[in-house]
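As structure tokens, the structure follows; a few thoughts come after it.
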Amino acid sequence: MDDHAESEVKHKWGMVIDQDICTGCQACVVACAMENNISFVGEEDAGYGRSMQWIRIERFWEGEYPEVRTTDFQPVLCQQCGKAPCEPVCPVFASVHSDSQQINLQVYNRCVGTRYCANNCPYQVREFNWRDYERPTPLENQLNPSVTVRRKGVMEKCNFCLQRIVSGEDKAASEGRSILDGEVKTACMQVCPTNAITFGRLDDPESEVSKLSRNARGFILLEELGTEPAVTYLKGGSTHG
Amino acid sequence: MTGNINRRDFLKIAGAGVAATAVLTGCGPASRYVIRQPYAQMPEYTYNGQFTDYATTCRECPAGCGIIVRTMQGRAIKIEGNPDHPVNKGKTCARGQAALQGLYNPDRIKNPVRKERDSDSMEDVSWDEAVNIVASAFSTIPAKEIVFLLGSKDDHLFDLVSEITSALGAPAPIRYGIQQVFDSRSTLMDASRQVFNQSAIPFFDLENADLVISFGANFLETFLSPVSFSRGYSKFRKGKVGKRGYLVQLEARLSQTAANADEWLPITPGTEGSLAMALGALVVEKAGSVLPGLYVGVDAKPIADTAGIQFEKLDHLADLIMQSEHPLFIPGGFSMGHANGLENAQAILALNVLMKNIGLPGGVFLSPVVQEIEKNRQKLNTFPEIYDLVHRMKTGKVNTLFIHGINPHFELPNSLGFKEAIKEVPTVISFSPFPDETAMAADYIFPDHTPLESWGYQSINSGSDQSAVSGSQPVVAPFYKTRGTSDFFLAACLEAGGELVAKIPYKDIVEFLKVKLKDLVSAEGFYSAPEINTFMSLFQQFGGWWSANANLIDPGNPTILTSSLKIPQASTNSDYDFFLLPYPSPILSDGSGANKPWLQETPDPTTTVTWNSWIEINPKTADELGIQDDDIIRVISEFGILEAPVYLYPAIRPNVIAIPFGQGHTAYGRYAKGRGVNPADLLGLGLNGSLDLAFADTRVRLEKTGRKQVLSRMESRMGVYGDSTNE
Numbered sequence: 025m026d027d028h029a030e031s032e033v034k035h036k037w038g039m040v041i042d043q044d045i046c047t048g049c050q051a052c053v054v055a056c057a058m059e060n061n062i063s064f065v066g067e068e069d070a071g072y073g074r075s076m077q078w079i080r081i082e083r084f085w086e087g088e089y090p091e092v093r094t095t096d097f098q099p100v101l102c103q104q105c106g107k108a109p110c111e112p113v114c115p116v117f118a119s120v121h122s123d124s125q126q127i128n129l130q131v132y133n134r135c136v137g138t139r140y141c142a143n144n145c146p147y148q149v150r151e152f153n154w155r156d157y158e159r160p161t162p163l164e165n166q167l168n169p170s171v172t173v174r175r176k177g178v179m180e181k182c183n184f185c186l187q188r189i190v191s192g193e194d195k196a197a198s199e200g201r202s203i204l205d206g207e208v209k210t211a212c213m214q215v216c217p218t219n220a221i222t223f224g225r226l227d228d229p230e231s232e233v234s235k236l237s238r239n240a241r242g243f244i245l246l247e248e249l250g251t252e253p254a255v256t257y258l259k260g261g262s263t264h265g
Numbered sequence: 008m009t010g011n012i013n014r015r016d017f018l019k020i021a022g023a024g025v026a027a028t029a030v031l032t033g034c035g036p037a038s039r040y041v042i043r044q045p046y047a048q049m050p051e052y053t054y055n056g057q058f059t060d061y062a063t064t065c066r067e068c069p070a071g072c073g074i075i076v077r078t079m080q081g082r083a084i085k086i087e088g089n090p091d092h093p094v095n096k097g098k099t100c101a102r103g104q105a106a107l108q109g110l111y112n113p114d115r116i117k118n119p120v121r122k123e124r125d126s127d128s129m130e131d132v133s134w135d136e137a138v139n140i141v142a143s144a145f146s147t148i149p150a151k152e153i154v155f156l157l158g159s160k161d162d163h164l165f166d167l168v169s170e171i172t173s174a175l176g177a178p179a180p181i182r183y184g185i186q187q188v189f190d191s192r193s194t195l196m197d198a199s200r201q202v203f204n205q206s207a208i209p210f211f212d213l214e215n216a217d218l219v220i221s222f223g224a225n226f227l228e229t230f231l232s233p234v235s236f237s238r239g240y241s242k243f244r245k246g247k248v249g250k251r252g253y254l255v256q257l258e259a260r261l262s263q264t265a266a267n268a269d270e271w272l273p274i275t276p277g278t279e280g281s282l283a284m285a286l287g288a289l290v291v292e293k294a295g296s297v298l299p300g301l302y303v304g305v306d307a308k309p310i311a312d313t314a315g316i317q318f319e320k321l322d323h324l325a326d327l328i329m330q331s332e333h334p335l336f337i338p339g340g341f342s343m344g345h346a347n348g349l350e351n352a353q354a355i356l357a358l359n360v361l362m363k364n365i366g367l368p369g370g371v372f373l374s375p376v377v378q379e380i381e382k383n384r385q386k387l388n389t390f391p392e393i394y395d396l397v398h399r400m401k402t403g404k405v406n407t408l409f410i411h412g413i414n415p416h417f418e419l420p421n422s423l424g425f426k427e428a429i430k431e432v433p434t435v436i437s438f439s440p441f442p443d444e445t446a447m448a449a450d451y452i453f454p455d456h457t458p459l460e461s462w463g464y465q466s467i468n469s470g471s472d473q474s475a476v477s478g479s480q481p482v483v484a485p486f487y488k489t490r491g492t493s494d495f496f497l498a499a500c501l502e503a504g505g506e507l508v509a510k511i512p513y514k515d516i517v518e519f520l521k522v523k524l525k526d527l528v529s530a531e532g533f534y535s536a537p538e539i540n541t542f543m544s545l546f547q548q549f550g551g552w553w554s555a556n557a558n559l560i561d562p563g564n565p566t567i568l569t570s571s572l573k574i575p576q577a578s579t580n581s582d583y584d585f586f587l588l589p590y591p592s593p594i595l596s597d598g599s600g601a602n603k604p605w606l607q608e609t610p611d612p613t614t615t616v617t618w619n620s621w622i623e624i625n626p627k628t629a630d631e632l633g634i635q636d637d638d639i640i641r642v643i644s645e646f647g648i649l650e651a652p653v654y655l656y657p658a659i660r661p662n663v664i665a666i667p668f669g670q671g672h673t674a675y676g677r678y679a680k681g682r683g684v685n686p687a688d689l690l691g692l693g694l695n696g697s698l699d700l701a702f703a704d705t706r707v708r709l710e711k712t713g714r715k716q717v718l719s720r721m722e723s724r725m726g727v728y729g730d731s732t733n734e
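Line order of the protein sequences matches chains A and B.
Residues 25 to 265 in the working numbering are what the first sequence spells out, letter by letter.
Residues 8 to 734 in the working numbering are what the second sequence spells out, letter by letter.
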């Protein structure tokens, strides 16, 4: 797409989430918010479904009392589709594919807020800034300087902690080596108390994430849509496929 | 300010502001050891765009996880787990992640204040004045009328205050907190003493077990050391190839932990111990061995009936136990928070003894503690001691009350009368960094630093297989004109002079830490140091000290099986229709998380409700009563009343209602105040055999109010437009 030097690094980043050990504890949800300067919206807006979380944990009720239980907790985040429905509908190329990381980027300063991308996303993982959400002083002190603060009228979503990927790639490049497996951790992966989340390079067949994504328990969300997600889920209820 | 200001000028001005702050805090404790500079003068050890990491201890709950705080240009940006720390090994929970929102909370108390009780008006006082007030209390008030009420952590402040009270001749500090009630810590310690002859928190080796039967232990949420348990749970599930651990949860309401279980059995609250006895008897019968004395005369069938489950289920559990190599039985807060809680805990621990799963991988050990620090430390206080304190306050026997690390107005049952008793105390001084309910009822608030600005240590007494002391250090310079409470007390001792300062000779908190930690220099830890200063720098670098290897305590050969234990009976008669199950919110825990907006916004794991309280009720029961989702109902106990919206919870016994603990603040800053309800308003004062509050024994009845309030939930229902859209 462009001929900048950066795009010469070609990795495909991906994630595997093991639903057998995800406990639904929400640590990833809060870690993501802290890392990525995500706004909180308050009770009323949250009730309207306008929460800005880039990752959410889904569960459904199954059965009737007393034979009732929840389905396995399922963290849902941007699936970083290979064929992303959000991309072709953006009139201003704010939703674009990154050549060098093989993820879906959201370019905040291009976004004009048409929300076409969110409408077209089958996973409902794009969050729109309906307002300039208040962050009373001195809460702004914890803002991560590596991550853009978004304003009203802009769409945002998970980008696999791109700032961490880039800094890992830069470090490896400056040391003249290729990136190590497990060197780059997303905030959600790093915090997960049960190690349910694995992150790494799918273009390296020997990486942990590649191996796990080939597990017989693996499935992808809404596979029939052909979106080619970079996130694989491992079905709960058993350990080894 | 001019309207025309460029970025460079702005940075200069902002830098000047920070510099001014640095000067103001120049005599504060952190500046002696850690210096944070403004943009203009970057110290050599920081680089633009690079994080500087500090190891310290998370203080959001009593577990004591190690954390690494990533700072940039003097600001704390992100918290990660400390990979070396034996409790959490690099991980944290949601509460730990949000700790920065305590440090940068917009509602902090910014400097010492004098205030009118129960009013928002505050008047600034200087720290010198504050020191004088406390020093004159130390020298003029009869020592036995001075009371220190502290939170339940085993930390430096408790040790220091213990020395001060003994020097003063004042009563020993009282340590309490609602989290220890939800964990039933005293009961666990007592049961452990009775079963294993040693008073310690048991260590449950989840990691190596292949079957776990949890009797109301919400160990993936708040129980003892949830991050440690979560790590164990992960390995329990997938640590061994081809062998996935199997989890069974027995409790009246499906908790987040139960939602992860393979089987959930909704039992009548209080029947846990009798079920444990029944399981023991069934297992022995199936094995065809001689019935140990403990299980003589135990008949499983009527026990299953009382517990409200089918006998076949119990029989099936006995089969599971027979098939497993390392079955582990965990007594949780919901089994111990009853009048028969101690007996329940004993019966459940005894099952581990019966299955010969003591001191073995996958079994029960006792948590190791660091003797050098732990020796002479008085154990956690029990509820009667709090009750006695309230009585003394009411009868004018307390002149000066110091409160730190606990919010009794919020945490203690309303029926205890703490709020009324505090009115009879002439001087109440709070050290809370936040305007919590108790601070608002005080005469003075002398705000402590938040934990991320503080020095200290905390003994680890559960969740670690290595004995450990976790260390705290300031990761940023104090943000406001607050003062570390330990340093403040030392200053007050110095000011009071005389014998007191001779007995409390420490220059500052860091010197106190060095004195307390000096025995560890020669102890066998995972690092060694020739002398205390090197030791301290390593202590700060690694975030604490711990033994080089696992040193779990093997409880030996318990003899409980030959003793006789009365089958614990659950209390049954009541004029009220429902059991009330107050449970600590997995996100807000004891309510101290409620002032952090990101925790408020985080959906509850099972209901997905945010920013509010709710009442969980079985849909069938609700249907019979004509109650629908989001109806506000009134819950009435013998001790109090509250109103909140209903969440139809599919997985709760029909005769039980549950309310999460953590909301219902009447103060505590803009994000907490006036939000939801506090189930402590409903609780009675019944105790169990270990003098822990029987928090799960309260009965209630329900009334409709005819009103509705739509809860803000993440799940399916979109919008809060009112009835028409509530599908």
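Glycine residues also receive a C-beta, built at the ideal position from the N, C-alpha and C atoms.
Keep in mind that this is a model prediction, so the values were computed, not measured.
- Closest in C-alpha terms to Leu-655 of chain B, from the list B:Leu-497, B:Glu-319, B:Ile-624, comes B:Ile-624.
- Relative to the Cα of Phe-184 of chain A, the nearest Cα in the group A:Leu-167, A:Val-149, A:Pro-229 belongs to A:Val-149.
- Counting only unbroken stretches of 4 or more residues, the alpha helix (DSSP H) elements lying wholly within the segment 198-253 of chain B are 233-245, in sequence order.
- Secondary structure at Asn-602 of chain B: helix, using DSSP grouped into helix, strand and coil.
- Residue ranges of uninterrupted alpha helix (DSSP H) with 4 or more members, entirely inside the segment 356-397 of chain B and ordered along the chain, are 378-381.
- Remark: C-beta atoms of Ser-620 of chain B and Gly-470 of chain B do not approach each other more closely than 8 Å.
- The residues Pro-299, Gly-300, Leu-301, in chain order, have a CB closer than 8 Å to that of Thr-569 of chain B in the same chain once the five nearest residues on each side in sequence are set aside.
- In chain order, Gly-280, Pro-575 place their CB closer than 6 Å to the CB of Glu-350 of chain B, counting only its own chain and leaving out the 5 sequence neighbours on each side.
- Listed in chain order, the alpha helix (DSSP H) runs fully inside the segment 96-148 of chain A are 140-144, counting runs of at least 4 residues.
- About 17 Å separates the Cβ atoms of Gln-77 of chain A and Leu-245 of chain A, ruling out a contact at the 8 Å cut-off.
- DSSP places Arg-74 of chain A in the coil class of the three-state scheme, outside both helix and strand.
- Against chain A, the beta carbon of Gly-491 of chain B has no neighbour under 9 Å; the closest one sits roughly 20 Å away.
- With contacts defined by Cβ atoms closer than 8 Å, Leu-156 of chain B and Ile-410 of chain B form a contacting pair.
- Under the three-state reduction of DSSP output, Arg-660 of chain B falls in the coil class, being neither helix nor strand.
- Taking CB atoms only, Pro-146 of chain A has no neighbour in chain B less than 8 Å away.
- Judged by DSSP secondary structure, Phe-336 of chain B falls within the beta strand (DSSP E) whose first and last residues are 334-338.
- Glu-427 of chain B and Ala-314 of chain B have their alpha carbons spaced roughly 39 Å apart.
- The three-state secondary structure of Arg-192 of chain B, taken from DSSP, is helix.
- Minimum Cα-Cα distance from Tyr-534 of chain B among the listed residues B:Asn-540, B:Phe-546, B:Asp-526 corresponds to B:Phe-546.
- Leaving aside the five residues that flank Ser-466 of chain B on each side, the residues in its chain whose CB is nearer than 7 Å to its CB run, in chain order, Asp-161, Val-376, Val-377, Ile-380, Glu-381, Val-476.
- Under DSSP, His-416 of chain B forms no beta bridge with any residue.
- At the C-beta level, Cys-105 of chain A and Pro-253 of chain A come within 8 Å of one another.
- With a cutoff of 8 Å on beta-carbon distance, Val-215 of chain A and Cys-52 of chain A are scored as near each other.
- Closer than 8 Å to the CB of Leu-163 of chain A there is at least one CB belonging to chain B.
- For Asp-494 of chain B, no beta strand (DSSP E) segment is defined; the enclosing uninterrupted segment is the alpha helix (DSSP H) at 492-503.
- The criterion of a C-beta distance shorter than 8 Å is satisfied by Thr-712 of chain B and Arg-641 of chain B.
- The beta carbon of Ile-189 of chain A lies closer than 7 Å to those of Trp-37, Gln-125, Val-208 in the same chain, with the five residues before and after it left out.
- Nearest to Val-360 of chain B by C-alpha distance, out of B:Asn-383, B:Tyr-394, B:Met-284, is B:Met-284.
- Under the 10 Å beta carbon count, Asp-395 of chain B is surrounded by fewer than 16 other beta carbons and is classified as exposed.
- Minimum Cα-Cα distance from Asp-515 of chain B among the listed residues B:Gly-505, B:Ser-493, B:Leu-524 corresponds to B:Ser-493.
- Nearest to Lys-320 of chain B by C-alpha distance, out of B:Ala-601, B:Val-305, B:Leu-257, B:Glu-608, is B:Leu-257.
- If you look at Leu-286 of chain B, you'll find it in the alpha helix (DSSP H) that goes 279-294.
- Closest in C-alpha terms to Met-196 of chain B, from the list B:Asp-190, B:Phe-189, B:Ser-206, B:Gln-187, comes B:Ser-206.
- Scanning B:Ala-325, B:Tyr-590, B:Ala-174, B:Gly-598 for the CA closest to the CA of Ala-503 of chain B turns up B:Ala-174.
- For Trp-134 of chain B, the enclosing alpha helix (DSSP H) begins and ends at 134-147.
- Of the candidates B:Ile-208, B:Ser-342, B:Lys-404, B:Gly-158, the residue whose Cα lies closest to the Cα of Phe-222 of chain B is B:Ser-342.
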